[in-house]
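> Residue numbers (the working numbering): 6 to 356.
Glycine is no exception: its CB is placed at the ideal position from the N, C-alpha and C atoms.
Keep in mind the model is a prediction, meaning the values are calculated, not measured.
Structure, rendered in structure tokens:
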């Protein structure tokens, strides 16, 4: 590569790292320096090494970067770094970096439209301040709250994180403020942890600022531990006037013996007469095991969606065929069962 004459617009660096000597022999600084001087626009660093790959600070000299994708990498702050002025897409997957650098990379990249951030470590609450953001995918495996701000252009979001939403004098409801921050959202996937945090400050029957453009909603890890996320979920459904498709995955942690389960089932049953989801055409519910609240949820959705065309039920892969047969029988005894499509889920090792 040292003999190359001319620009290099795209570079993918893959580190096998099968042994430490091979890994240590790599001169990452040399590679990054070469790319930074040749107008690199799209850079990916992917490692299979057991530890983090240390990214040299001269990566911050890549002023022409438009796409930066890093996997299992470690970054340290660089003096004088003030963001990537041309960066459009940023992926940080299992990366180690200080909170201050994370916020700087996001907030000081004015053209940023796509952000994917998978963070396995706990950190201080951080803000994603990117007014041009159109797609946000955020996974936090530890309780690290995201400080939400307004995203006027965001159309797609996947959020698996607790949320911190700044208070204002107009409403105490976190969910009401959440909807006002996402005025253009079309495709939203939200984890039960997020829904629980959105229950703070009370949940209205319908949102004052509805999800006017929301067409697809995913509710991940549906739980019956507490009522707050249930309130949030049904409020979002009632406040999405053009919703076309709904996907729900059920948490394996749920139990019919849970102290709150009976109260939650009563609430879910009551929604059958409260909600009109006439725009919904397809529903998928995944990992059904035949628990009482699952039947209640399915029955309520069938009653609330008069124009529903297909409801796909993916059952948990039962070991007992008699149990599976009974679950199927119970499902097909529900109202409007003719539109049900029941599919047996697969183990990860199934062919």
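What are the uninterrupted segments assigned as alpha helix (DSSP H) that are 4 or more residues long and contained completely in the region 246–308, given in chain order?
Listed in chain order, they are 266–275.
> Within 10 Å of its beta-carbon, does residue 30 have 16 or more other beta-carbons around it, so buried, or fewer, so exposed?
Because residue 30 carries a pLDDT of 46, less than 50, the predicted location of this residue cannot be relied on, and the following value inherits that uncertainty. The residue in question, residue 30, is exposed, as its Cβ has fewer than 16 Cβ neighbours within 10 Å.
> Sort out for me which residues DSSP pairs residue 101 with in a bridge.
The partner list for residue 101 (beta bridge, DSSP) reads 79.
> Keeping to the same chain, check which residues put their C-beta closer than 6 Å to that of residue 350; ignore five residues upstream and five downstream.
Taken in chain order, the residues that qualify are 319, 320, 321, 322.
> With a 10 Å radius around its C-beta and 16 neighbouring C-beta atoms as the bar for buried, classify residue 348 as buried or exposed.
Exposed, since its Cβ has fewer than 16 Cβ neighbours within 10 Å.
> What do you get for residue 326, buried or exposed, if any count of 16 or more other CB atoms within 10 angstroms of its CB means buried?
By the neighbour-count rule (16 or more Cβ atoms within 10 Å), residue 326 is not buried but exposed.
> Should residue 56 go down as buried or exposed, given a rule of 16 or more other Cβ atoms within 10 Å for buried?
So residue 56 counts as exposed.
> Assuming residue 340 and residue 313 form a contact by the criterion Cβ under 8 Å, report the distance between their Cβ atoms to the nearest whole angstrom.
The pair is not a contact, with the Cβ atoms about 11 Å apart (cut-off 8 Å).
> Residue 242 by DSSP, collapsed to three states: which one?
Here residue 242 sits in helix by DSSP.
> Is residue 233 helix, strand or coil when you go by DSSP?
In this structure, residue 233 counts as helix in the three-state DSSP scheme.
> So residue 145 and residue 166 are supposed to be a Cβ contact under 8 Å. How far apart are they, rounded?
The Cβ separation is near 4 Å, so the contact holds.
> My output table needs one value for residue 333: the three-state DSSP class, helix, strand or coil.
It is helical.
> Does the distance from the C-beta atom of residue 301 to that of residue 270 stay below 7 Å?
In this structure, residue 270 lies closer than 7 Å to residue 301 by Cβ.
> Which residue or residues does DSSP assign as beta-bridge partners of residue 72?
According to DSSP, residue 72 bridges with 47, 94.
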